[in-house]
Structure formats: C-alpha cells, structure tokens
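The structure appears below as structure tokens.
Number of protein chains: 4
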Amino acid sequence: MLVVMQHDASGDEIQRVVDTIEELGYEARPMPGKQRTAVGLVGNDGRVDASRLAALPGVKEIIHVTQPYKQVSREWKEESTVVRLPGGLRIGGNEVVVIAGPCSVESEEQIIQTARSVRASGAAMLRGGAFKPRSSPYSFQGLGEEGLKLLAKAREETGLLVVTEAMDAEGVDLVTQYADVIQIGARNMQNSSLLKRAGRAGKPVLLKRGIAATITELLLSAEYLLAEGNHDVILCERGVRGFDNATRNVFDLAAITVVHGLSHLPIIADPSHATGWRDKVTPMARAAVAAGADGVMVEVHQQPDRALSDGAQSLYPEQFAELMREIRVIAEAIGRVVAEPLPAVSA
Amino acid sequence: MLVVMQHDASGDEIQRVVDTIEELGYEARPMPGKQRTAVGLVGNDGRVDASRLAALPGVKEIIHVTQPYKQVSREWKEESTVVRLPGGLRIGGNEVVVIAGPCSVESEEQIIQTARSVRASGAAMLRGGAFKPRSSPYSFQGLGEEGLKLLAKAREETGLLVVTEAMDAEGVDLVTQYADVIQIGARNMQNSSLLKRAGRAGKPVLLKRGIAATITELLLSAEYLLAEGNHDVILCERGVRGFDNATRNVFDLAAITVVHGLSHLPIIADPSHATGWRDKVTPMARAAVAAGADGVMVEVHQQPDRALSDGAQSLYPEQFAELMREIRVIAEAIGRVVAEPLPAVSA
Amino acid sequence: MLVVMQHDASGDEIQRVVDTIEELGYEARPMPGKQRTAVGLVGNDGRVDASRLAALPGVKEIIHVTQPYKQVSREWKEESTVVRLPGGLRIGGNEVVVIAGPCSVESEEQIIQTARSVRASGAAMLRGGAFKPRSSPYSFQGLGEEGLKLLAKAREETGLLVVTEAMDAEGVDLVTQYADVIQIGARNMQNSSLLKRAGRAGKPVLLKRGIAATITELLLSAEYLLAEGNHDVILCERGVRGFDNATRNVFDLAAITVVHGLSHLPIIADPSHATGWRDKVTPMARAAVAAGADGVMVEVHQQPDRALSDGAQSLYPEQFAELMREIRVIAEAIGRVVAEPLPAVSA
Amino acid sequence: MLVVMQHDASGDEIQRVVDTIEELGYEARPMPGKQRTAVGLVGNDGRVDASRLAALPGVKEIIHVTQPYKQVSREWKEESTVVRLPGGLRIGGNEVVVIAGPCSVESEEQIIQTARSVRASGAAMLRGGAFKPRSSPYSFQGLGEEGLKLLAKAREETGLLVVTEAMDAEGVDLVTQYADVIQIGARNMQNSSLLKRAGRAGKPVLLKRGIAATITELLLSAEYLLAEGNHDVILCERGVRGFDNATRNVFDLAAITVVHGLSHLPIIADPSHATGWRDKVTPMARAAVAAGADGVMVEVHQQPDRALSDGAQSLYPEQFAELMREIRVIAEAIGRVVAEPLPAVSA
C-alpha cells in the first residue's frame with residue numbers, strides 16, 4: 098500500500114501517517130519525491146482498512162499494490178484448480194463442460210424431456226431453477242423442493258449432474274441434499290450470510306458474477322467460500338450492466354482471461370443471461386469457448402414460447418445440437434476438448 | 098404491452114401472437130401500420146412474462162406501457178406516504194429528517210458520544226452498523242447483537258431513533274427487537290428471501306438502492322415489502338456504479354425526483370456512501386436537500402482516523418454541525434423544514 | 098411512435114396530441130386501454146422530434162417503434178453489404194479480413210518491417226496511425242503526412258491495403274490521397290462535420306464505435322456517411338466504457354450479432370483497444386471471429402517495449418503468427434475463411 | 098509513477114525496468130517489499146507513456162502518482178481562475194452565473210422574446226445553438242451563421258452575453274466573431290483538432306464534459322486549450338451515460354466538488370441535458386447551486402411544445418422565474434450570490 102501525500106503536506110502530517118502505519122502493525126517507508134512524498138506500507142495490506150489512513154490530514158490518495166483477496170489468487174496457489182464432480186467430471190482442466198437446461202423447472206415432463214434432449218446433444222450437466230430470484234414479487238418464483246426432486250430424478254434417468262440455485266440458508270440445505278453443485282446467483286453475489294453458509298455446505302459452488310461486480314469483488318466473494326474451507330469453487334461470467342439496451346447485459350468475455358490471470362479458480366460463461374436473446378446465444382457461446390472459458394451454461398427449452406420464464410433467451414433443442422457441433426471444433430482449435438456426459442445411473 | 102412485429106411478419110405469425118395473448122387471459126388488439134404491425138395487449142401487463150411473447154416467430158420487440166410494479170406506484174396511491182415513527186417523527190411529509198452516526202458501532206463510548214454529538218447538532222435519528230456487509234471476509238464484520246444493544250442504549254440516552262442493517266433472517270429478528278427502522282443494504286436489495294422476511298417484521302424498512310439497480314428495480318424490491326403487508330417503506334439513493342473512480346459511486350440525485358414522480362414512497366439520500374470522501378459529503382448533502390430528498394443519512398465519527406470502517410467518508414462532528422446549519426436554510430428555501438430530534442426517553 | 102398518456106389525462110389533452118401529430122403531417126390513431134390511452138403515430142417516425150410531443154400536457158412517455166436510422170438498416174436493404182477494396186479484397190462477405198500493424202507509424206524501418214512480418218503471417222491489411230487522437234496534449238500526436246507516405250510505401254512493398262485515421266477536414270483529404278480506407282476514430286464517432294466530409298471523400302470508411310455509444314448511435318453515425326452517398330462503410334466494435342478497470346474497456350462482442358441483425362453493413366472487431374493488454378488480445382481476437390466478426394484489427398509491433406504508443410497492448414510478431422493459425426481454424430468451424438493478402442504491387 | 102513487479106519477477110527483469118526508466122530520462126528507485134518489488138519513477142510522470150514500461154517482462158501493473166495534466170491543476174496554480182467576460186461579468190468568483198435560452202435559435206422573434214424573458218427573471222447570459230450536433234443526419238441542424246447574427250442581435254437588445262457552440266474550424270471562426278464564449282459540446286470534448294483551434298481563438302471557452310468522460314479526461318481536454326495559451330476556460334458537467342433510462346443521463350453533481358479540488362478552473366452545470374425532462378430540471382438546478390457550481394445553464398423556451406429540438410427538457414418562462422427565486426436563496430445559504438445581468442448595450 099502506498100499513501101500518497103499532497104504536494105504541500107507538512108513534515109508533521111507525514112510523520113502522523115508513519116505513526117499510524119506502525120500502530121497498525123506494519124512497517125512504514127517514506128519516499129520523498131520531486132513533487133510529493135509517498136509513504137509505503139510494507140507487507141500484505143489485504144487486511145488493512147485504508148479508510149483510516151485516507152482520513153489523515155495531508156493525505157491525497159491511497160494506492161493498493163497488493164490485491165485484497167488471498168486464497169483465491171494465483172500468487173497463493175499457482176496451479177489451476179480442477180473441481181472434481183461425482184463420476185469423474187472435472188471443471189477447470191483441459192475439458193470444456195457444457196451445462197444446459199431450462200431457466201426454471203416447470204414439470205416432470207419438461208425437465209426429463211429437456212435433460213434427455215441436451216444429453217443426446219452432448220451436455221454433461223443439467224441446469225434448472227427450483228428457487229427463482231425474480232425482480233418482481235408477482236413473477237413465477239419456482240417449484241421449490243418439488244423442483245429439486247425433479248432435478249434429481251432427471252439426473253437418475255440421464256446421468257447429467259445437476260446445478261441449481263440456492264437463495265437463503267434453508268435453500269442451501271435443500272440444494273445440498275439434491276444437487277451436485279450449489280449455484281449462488283448474481284443478485285446474491287455479495288450476500289455474505291449466504292456465502293458463508295454455502296462455504297460450509299460441503300458441495301462445490303458455482304458463483305455467478307453480480308450484475309455490476311468488478312473482478313476484484315467477484316474474487317472477494319469467492320474468498321468468502323474458500324475462507325470457510327470450501328475450495329471447490331467455479332466462477333461464472335453472465336454479463337454486466339451496460340448503458341445500451343440492445344442486449345440484456347454486456348457479456349464481458351475478457352473477464353475470463355482476467356480471472357485466469359489473477360486466480361487459479363475455473364470460470365465458465367453464461368451467454369443466455371448475458372445477452373437475453375436466443376439469436377445471440379449461439380455466437381456468444383462459441384465466443385466464450387474461443388476465449389478460453391472452462392465451460393458454458395446455456396438455457397434450452399423444449400418449447401421456449403411456453404416457458405414460464407426466460408423464454409426469449411432459451412434455445413430450441415435443435416439449435417443447441419448445432420451449437421454443440423460448433424463448439425467442439427472451436428475447443429479443438431485451441432487445444433481443448435468438450436467433456437463427455439457420464440453414463441446414466443439407472444443405465 | 099405492445100408486441101411489435103417484424104416488417105415481414107406473416108399473417109399467421111400475427112395470429113399466433115393474438116392467440117397467445119388471449120390464452121394468457123388478455124385482450125389482443127392488432128394495429129397494422131405502414132411499416133409493420135403491432136399487437137396491443139389490453140389490461141395491466143405487470144404480471145405477464147413478456148419472454149413468452151418475445152419468443153414467438155415474427156416478433157421484433159416487446160414494449161411495456163404499464164410499469165411492472167403496482168402498490169408502490171403513485172397511480173395506485175396518489176397521496177405521498179408518510180412513515181410514522183415512535184414519538185411522532187415522520188418521514189415523507191414536509192420535514193427533512195437527518196440521520197447521522199458512525200459506519201459501524203465500535204464501542205459504548207463511541208456510539209454514545211457520537212449520538213450525543215449529532216443530536217446536539219440537530220440529527221433526529223442515529224445510524225450505526227451492527228451487522229456489516231463487507232466485500233472482503235477479512236474486514237471488520239460488526240459487533241452483532243452487542244452492537245444492537247449499544248444502539249438501543251444510545252437511543253435511551255439521547256432520544257434519537259435508531260436505524261440499522263439486517264443481512265439475513267436471524268438479523269431481521271434481532272434488528273426488529275432493538276431498532277426503530279430495519280435497513281436493507283444495497284448489496285441485498287434483490288435478496289428476495291430477506292425482503293419477504295423484512296416485509297413481515299412489523300417495523301418500517303429503509304431500503305437502499307442497489308449499486309446498479311434501475312429505479313424500476315428499486316421499486317420492484319419495495320413492492321416485495323408492500324406485497325407482504327408492510328407499507329412503511331423508505332427508499333434511499335446512495336450512489337450507483339459509474340466508470341470514473343474519482344468518487345466511490347455516482348450520486349444519482351435525479352433519482353429523488355424520479356421516485357417522487359413514480360411512487361408515493363419517501364426517499365432519502367446517503368451522500369457518504371455515494372461519494373466516499375469527506376470533503377464531498379457536505380456539498381452533496383446540501384444538494385440532496387435542494388433536490389427535494391425527504392431526509393439525508395450522513396456518516397459522522399468522533400475520530401474518523403480511528404474508525405474501523407469508512408473513516409475517509411465520515412464527517413468530523415464540527416463539520417456535521419456546520420452542515421446542519423446550511424441545510425436548514427436550504428430546506429426553507431424550498432418550503433420545507435428540518436425535523437427536530439425527539440426528547441430523550443430518559444430525560 | 099406511440100404517445101402514452103398519463104392515466105388521468107383529459108380528453109382535451111388527448112385531442113391536443115392528436116392535433117399535433119396531424120400538424121406534423123402524420124396520421125394519429127388513439128387507442129384507449131383499461132388503464133390509459135395511447136396515441137399511435139402511423140408512418141416512419143424516424144424524422145419526428147419526439148421532444149415536441151413529450152412536452153405536451155398529459156403525456157407520460159414516448160415510445161419509438163421504428164428505428165431512427167434508415168439507409169443503414171436491414172429493413173432498407175436486406176442483403177449484406179460487401180465493401181470491395183482495390184485488388185479484389187472484400188469485407189462483409191464470407192471472408193474474415195485481418196488488419197494488423199502498429200498503433201502509430203514511427204519510422205520507415207518500423208512500418209516496413211512490421212508490414213512484412215504481419216503479411217508473412219497472413220494479414221491482408223495494414224493499420225498504423227499518422228494522426229493520433231490522444232487524451233493528453235503532451236502525448237505523441239503522430240508523424241502526419243510523412244506517416245501517410247510511409248504507409249503508402251509499405252503497401253507498395255507488401256501488397257497490404259492501408260487503413261488509417263483522419264481527425265479533421267484536412268486529414269480526410271490527405272488520408273484519401275494515400276490510404277485505401279479512411280478510419281473515423283471512437284473519439285470522433287459523433288463529430289458530424291467530420292462524418293459529412295468523410296462521406297464525400299470517395300473512399301470506404303471504417304467507423305469505430307464511440308466509447309459509450311449505443312448501437313443505435315453507431316448506426317446513426319453511419320447513416321451520416323450513407324446520407325452523403327458513401328455506401329462503403331465498415332463498422333468496428335472496439336470496447337465500451339465499463340465500471341471495472343481490470344481491462345481498458347469492455348469488449349462488447351454481442352454488438353457484432355446485434356449489428357448483423359439490424360444492419361446490412363459489415364462489422365469488424367478491435368481486441369487491442371478493447372482490452373488494452375497483450376495477453377488478452379489473442380483470446381479476444383479468437384472470440385471475435387467465433388462471434389461472427391467480418392474481420393479483426395490487431396496491434397502488432399516489432400518491439401512493443403519501444404513503441405511510442407500502446408506498447409502494452411501490441412502483440413509480438415510471433416504471437417500474431419500463432420493467433421493467425423488459431424483463427425483460421427475457428428473461421429472454418431463456422432463456415433468462413435480468413436482472407437488471403439493480395440500480391441505486392443512491386444512484386 | 099510506480100512500476101509494480103510480479104511477485105516472481107527476476108533480478109534481470111527489475112534491472113530492465115530501472116534501465117528503461119533511466120533511458121527515458123528519469124530517476125528509478127527500486128523498493129523491495131515482502132511480497133514483491135516496486136520501482137518508483139521520480140519526477141513528474143505526466144509525459145511518460147506508461148505503455149512502454151507496462152510491456153516489459155515481469156511487470157504487473159503501472160500506478161500513476163502524478164496526474165497527467167499540468168496547467169489546469171490546482172497544484173500548478175492554487176488560486177481559483179476567474180474568467181472575466183465583457184462588461185465585467187465574471188465566472189469562477191463568488192457569483193453564480195445563470196445562462197438560459199433555447200436549445201436552438203429558431204427565429205428572430207423566438208430568440209429575442211426568450212432573451213428578454215430570461216433577462217427579466219435574472220439570467221446573465223443567453224444560450225442558443227446555431228450549429229447543432231445531432232445524432233441523426235435527419236434532425237434539425239441549426240440556422241448556422243444566420244443564427245449567430247440573431248444571437249448578437251439579442252445581446253444588443255438585452256445586454257445578455259452570448260455562448261454558443263462551434264463544431265469545426267470554420268465554426269470556431271464564426272462563433273468567435275459573434276459570441277462572447279465559444280462552447281465545445283460533449284460530443285466533441287475529445288476532438289483535439291477542434292480544441293486546438295478553439296485554444297487559439299482568443300475568446301473564453303465553455304468545455305462540456307463528454308458523455309462518458311472521466312474527470313481526468315475532461316481536465317486533459319481543458320489542458321489542450323491552456324496549452325494553446327487560452328486560460329479562460331469554463332468546464333461544464335452535463336450528465337454522463339448511465340444504465341437507467343429513467344433520465345436522459347446521470348447528473349454527476351459530485352464532479353463539481355471533484356473538479357474544484359483538482360483544478361483552479363470554474364465549473365458550471367447543465368441540468369437540462371443531464372436529466373432530459375422539464376420536471377427534473379428545477380430540482381437539479383437547485384441541487385447544482387447547493388453543490389457549489391459556479392453557474393447553471395438551463396434551457397428555456399417560450400413554447401416548448403413548438404421547439405424544433407429538446408422541447409421536453411425546456412422550462413416554461415414562468416418556471417424559470419420561479420427557479421431563479423429559489424436559487425437566489427440557496428446561493429445565499431452557502432455564502433454566494435447570483436450574478437446580475439449587465440445593462441443592455443442599446444439602453
């Protein structure tokens with residue numbers, strides 16, 4: 098951390114900064130320059146509250162040299178994390194994992210049919226919301242535990258592993274019971290109570306980037322999970338808020354390479370929520386794989402115009418099949434391979 | 098709702114839109130134009146999931162004419178809501194309510210001293226976090242219930258009403274027990290589980306705008322509270338995410354007039370979190386009152402350079418006193434008056 | 098255009114809207130609904146100034162059904178535009194055109210060497226700034242006409258076609274004289290004087306998206322060029338301003354599919370300016386091709402650490418060669434092919 | 098400037114950074130830390146192209162300690178600049194200057210009537226566009242020189258000084274001839290050719306912040322003017338692009354205090370373009386004055402529903418009169434005074 102002094106800061110003001118740094122338990126190193134003095138704080142400043150120093154008289158600015166997160170960083174752990182799922186499926190290695198399914202679980206017929214269909218095209222995991230975070234209290238809020246049971250049934254019939262969202266403490270307990278991966282949604286990325294609970298659940302967590310979260314904030318939220326002892330964390334870029342309503346969000350694909358540089362955690366991409374429109378999902382899913390994503394999560398519905406939520410961004414099954422063909426070639430072009438689905442348990 | 102068809106949409110495609118609208122239980126009204134046809138959906142479309150229509154072939158765009166919220170809207174209830182607090186303090190009427198206090202409750206001495214000091218300058222309510230939502234798991238997370246007890250003690254000694262944040266179901270129960278107003282923070286604005294719980298707590302709620310929430314989303318989150326039967330809701334503009342790091346956030350003061358136009362709910366402003374820097378808090382607090390805010394919430398600390406959080410944006414007590422003098426005059430310039438603090442209970 | 102009335106608008110207020118629409122020369126069609134009346138304006142509303150109607154008493158909102166641009170839209174011209182360049186190079190067809198070169202032309206040796214190197218790897222066009230738009234007056238502003246001469250010389254020696262930026266009327270005249278494509282930079286996307294001049298220059302124009310321009314604004318700026326009679330326009334996505342400084346800009350790759358849907362004009366992508374960091378350029382260039390871009394423009398420098406501008410985002414020649422190999426495979430995966438460079442004129 | 102090395106940077110890599118800094122003519126000061134080494138560049142780094150250092154192997158990040166601008170900064174010149182206009186009107190002192198008038202000059206009757214009306218209410222300057230930057234080529238583009246003549250006539254009849262926009266070199270020459278202050282619009286804030294020309298025009302310049310410009314970029318554009326010898330520069334906050342379409346732009350009022358901290362130049366605010374809606378202009382104009390703006394620029398039209406542009410955001414004359422009454426009291430509340438208009442020349 099570097100405390101930059103105003104150009105007319107007095108010797109006393111500089112000394113007070115030095116004293117405060119030492120009082121905080123760190124070593125201070127003043128560096129007089131031609132225009133102004135800066136005072137370096139030596140050591141990992143991740144836990145220092147800069148506000149205390151920024152408030153001192155004569156201080157112009159605080160500059161962080163060290164990132165505020167720790168266990169999620171690649172400096173802490175150099176080799177990439179590979180999250181191992183039941184049956185040997187892995188996220189974060191050389192394979193690109195495709196997760197597909199409807200926005201919401203609506204009925205047994207719907208989820209089983211969709212699961213079979215996406216598996217036939219090559220998806221390795223099934224998505225589908227049982228607890229739905231909705232902006233409006235009047236929108237469909239999901240089937241709850243009944244939806245979780247249907248997901249588990251679909252897994253049994255198809256072998257697809259299941260990821261689904263939890264929105265509160267009770268939800269975490271239920272999702273842990275039925276699913277393979279617990280999803281924390283974008284709206285809850287900074288819900289620290291939920292993060293702590295999920296961090297203790299004993300199941301891998303898929304953490305979606307908040308709609309206006311910086312990469313640093315995403316990694317700090319992941320740090321909550323690792324700090325609770327859960328190292329099986331998968332991040333997900335799903336679009337950030339922008340100024341143009343031509344798409345639902347702005348798909349920040351560069352976040353994939355940024356995360357791969359800063360952290361050892363795997364990161365997948367969700368082009369469905371990122372764009373909001375079916376005709377944009379396929380090109381953006383291809384782009385995500387080309388950019389190096391460790392997986393893609395895509396909404397697919399047997400009858401999008403009958404969907405209870407997100408119909409406009411759900412692919413038709415045949416569109417998903419075509420997408421799978423394209424991303425297999427793109428994965429190969431960059432030396433990777435699309436993960437194969439596991440055999441069905443009941444098979 | 099208006100379903101705009103592509104210019105080359107066929108008669109069959111238009112008919113399918115009409116049929117779907119009728120199937121949803123609404124009346125459809127096709128309007129052929131020179132370039133394209135649009136199909137109107139007559140009736141309140143707040144509960145219709147547009148995705149289902151947007152997914153139909155030949156559809157170009159869905160345009161909402163009606164807002165998706167209901168009970169929070171001024172069309173639902175024309176007269177402004179006045180939230181009545183214990184002792185007769187009111188938010189949403191002609192008075193401008195000033196809420197002041199530290200970012201976090203740190204100790205008995207700190208909170209009692211600060212409460213006395215801000216009351217002496219004219220604040221009517223005390224703020225102070227007992228449960229702190231922090232981006233990093235390593236930052237100070239608050240004193241918990243101990244902090245709530247200290248806030249209650251400060252109220253007893255000074256007569257200042259207390260507002261403090263709850264972050265989960267247990268937190269709502271505890272805050273309800275000790276405080277006068279439950280705060281839902283920006284990070285939890287779309288935490289629907291928390292909103293539902295707070296909506297049933299039987300205490301007024303201060304709902305802060307999420308860091309990238311549109312006004313519509315803010316009002317929809319408030320709708321969650323009203324839908325649970327809680328009509329005592331106060332909104333709060335506290336800065337939104339912008340592209341320039343010159344300030345912590347962008348203080349969107351026009352949101353105050355926008356909310357006053359769309360909704361009957363009162364809205365206050367928090368210039369401390371909006372700007373992040375002490376020297377910007379005073380001018381922005383003045384601006385908020387001039388813009389018509391129903392109150393301002395300001396961070397004040399006896400020793401900002403000792404604060405465990407947000408020291409850089411906390412006013413010194415004498416700065417707060419000066420601010421109070423200025424906003425009294427500004428309130429009068431627009432025909433309002435700054436609310437007087439209540440007498441201390443113990444007095 | 099739809100003029101939505103307030104729910105309590107009077108019959109007189111509705112009539113005044115009808116009268117104003119008719120006075121503007123359009124047909125008005127009132128549509129009474131359950132909650133409010135809307136008045137449709139029949140016909141292409143692209144040229145109507147909505148402000149005039151929005152100002153009328155009782156009006157709640159103006160909703161545009163028709164886009165404000167005309168000649169650039171796919172409804173105006175359904176088949177995709179293919180811009181034909183000297184020697185038969187085409188942008189907008191099945192081929193993906195790669196443009197490479199340094200940020201600025203610095204010296205004869207630098208530009209000739211770089212041109213040879215990128216041509217050897219497969220680039221078809223050469224980029225390089227002679228007039229540099231810089232945020233600071235103290236930054237290197239380019240070699241001016243001398244730089245243009247060097248670009249022309251590089252074309253002669255390598256056969257690479259040349260694209261370079263013009264910043265004012267004199268610049269347009271000079272660039273027209275030496276280059277094959279005139280670039281309008283992001284900072285000047287809404288410089289209408291410059292757009293009009295470039296529209297009359299008789300050379301194809303590469304129009305970069307402004308740093309915070311919506312797609313609609315980008316297309317309207319292109320409309321300035323077409324309105325002057327220049328139909329050879331190539332658009333370019335180069336990143337938009339975001340809230341996170343992890344990358345220089347946010348690369349909005351979905352803009353490519355949005356533009357392809359709304360307009361017949363070709364669009365290329367510039368991952369160098371979009372990300373600002375060399376290690377992100379390659380994955381993002383691959384992603385752009387996978388997303389369907391009609392070309393990519395990449396900064397390459399023989400010695401990035403000696404570059405007078407943008408060194409941090411310039412690829413080393415060997416990195417560019419590797420990128421070319423990867424995007425050839427990705428182009429094929431989606432049924433396209435990377436355009437071959439033309440033979441050198443002097444060959 | 099601080100060059101932060103990666104934690105595993107080698108001694109050779111650190112030495113190369115040191116050598117490069119010295120080669121650039123600066124002193125290098127390596128600072129080994131516990132986690133990583135940083136290398137300080139001693140001296141004003143405003144003119145150093147950081148890209149060259151960022152490109153070196155082992156470099157993690159470049160951190161700027163010194164701002165890239167110079168003459169506009171308060172460190173360069175401590176006392177606030179007061180721009181002196183003809184007749185003794187001053188911008189940047191204790192007075193708050195009100196500029197009012199229509200978006201566009203439309204006719205002699207319109208501009209003279211409006212000028213008389215706003216002067217009667219207390220405006221000191223007249224605004225009105227003769228050259229209009231429009232997003233669409235089909236929108237009204239202004240009366241050109243004829244409009245400038247009408248503005249000069251209005252000045253003669255009312256004593257109001259005139260500010261109007263120039264969009265290119267010829268425009269600067271014409272505006273210089275007729276107006277008192279040359280306006281550079283938001284779309285042209287980074288049009289460096291135009292800035293250089295305006296910097297040599299010999300008249301004060303009103304420089305509006307670009308729609309997505311950071312404060313640093315705004316100050317750098319102002320630096321272009323000062324670098325050409327023009328020190329009479331007035332900045333203007335007019336709203337920045339945001340994610341919510343509830344208002345036309347986000348009015349970033351904190352920019353006023355930020356600019357007052359970093360620069361000696363005066364800054365005014367334009368609530369009309371910032372909000373886009375008449376009912377928001379008055380509260381936001383009051384807020385701007387309360388925030389410490391050195392002036393406000395407000396659109397007023399005799400008949401907003403007849404305006405050729407921006408009718409929805411233009412105040413009615415009686416609304417403007419009421420606004421003047423309110424801001425006089427607010428100015429006094431913070432120890433300032435609204436500037437009186439000058440006597441008419443013809444009087």
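Protein chains in written order, with the working numbering: chain A, 98 to 444; chain B, 98 to 444; chain C, 98 to 444; chain D, 98 to 444.
All C-beta atoms, glycine included, are put in the ideal place defined by N, C-alpha and C.
All values reported here derive from a predicted model rather than from experimental measurement.
Can you round the beta-carbon distance between residue i and residue j to whole angstroms, since I take them to be within the 8 Å contact cut?
i: V202 of chain B; j: L247 of chain B; result: 5 Å
i: V211 of chain C; j: H398 of chain C; result: Note that residue 211 of chain C corresponds to Thr in the displayed sequence, not to Val. About 7 Å separates the two Cβ atoms, so the contact holds.
Would you say residue i faces chain A, with C-beta separation under 7 Å as the test?
i: D407 of chain B; result: yes
i: I281 of chain B; result: no
i: N288 of chain B; result: yes
Which residues in chain B have a C-beta closer than 8 Å to the C-beta of residue i? List them in chain order.
i: A418 of chain D; result: Per Cβ cutoff of 8 Å: no residues; A418 of chain D is ~15 Å from chain B at best.
Using the beta-carbon of each residue, which ones in chain D are nearer than 7 Å to residue i?
i: F340 of chain A; result: R338, G339 and F340
Please confirm whether residue i and residue j have their CB atoms less than 7 Å apart.
i: V395 of chain D; j: A404 of chain D; result: no
i: V101 of chain A; j: A135 of chain A; result: yes
i: V393 of chain C; j: V215 of chain C; result: no
i: F340 of chain B; j: R297 of chain C; result: no
i: A283 of chain A; j: R335 of chain A; result: yes
i: A388 of chain D; j: P368 of chain B; result: no
i: C333 of chain D; j: I365 of chain D; result: yes
i: E110 of chain A; j: P165 of chain A; result: no
Mind pulling the chain B residues with CB within less than 7 Å of residue i?
i: T344 of chain D; result: A351 and V355
i: E206 of chain C; result: The premise fails here: E206 of chain C is roughly 39 Å from chain B at the closest Cβ pair, so nothing lies under 7 Å.
i: G137 of chain C; result: M128
Any beta-carbon of chain B closer than 7 Å to the one on residue i?
i: T255 of chain D; result: no
i: I308 of chain D; result: no
i: A430 of chain D; result: yes
Taking all protein chains shown into account, decide if residue i is buried (16 or more other Cβ within 10 angstroms of its Cβ) or exposed.
i: A444 of chain B; result: Annotation note: pLDDT 47 at A444 of chain B (below 50); position unreliable, coordinate value reported separately. Exposed: under 16 other Cβ atoms inside 10 Å.
i: R411 of chain B; result: Here residue 411 of chain B turns out to be Ser, not Arg, going by the sequence shown. With 16 or more Cβ atoms within 10 Å of its Cβ, S411 of chain B is classed as buried.
i: G108 of chain C; result: exposed
i: G185 of chain B; result: exposed
i: S360 of chain B; result: buried
i: S170 of chain C; result: buried
i: V259 of chain A; result: buried
Kindly say whether residue i, judged by its beta-carbon, lies nearer than 7 Å to any beta-carbon of chain C.
i: K377 of chain A; result: yes
i: E423 of chain A; result: yes
i: R126 of chain D; result: no
i: P380 of chain A; result: yes
i: A444 of chain D; result: The predicted position of A444 of chain D is uncertain, since its pLDDT is 47 and thus under 50; a value taken from the coordinates is nonetheless stated next. With 7 Å as the cut-off, A444 of chain D does not count as an interface residue toward chain C.
Could you confirm whether any beta carbon from chain D is found closer than 7 Å to the beta carbon of residue i?
i: I160 of chain A; result: yes
i: M264 of chain C; result: yes
i: P165 of chain C; result: yes
i: I118 of chain B; result: no
Which chain A residues sit within Cβ distance under 7 Å of residue i?
i: Y321 of chain B; result: P234
i: S148 of chain B; result: A404, S406, D407, G408 and A409
i: L317 of chain B; result: S232 and S233
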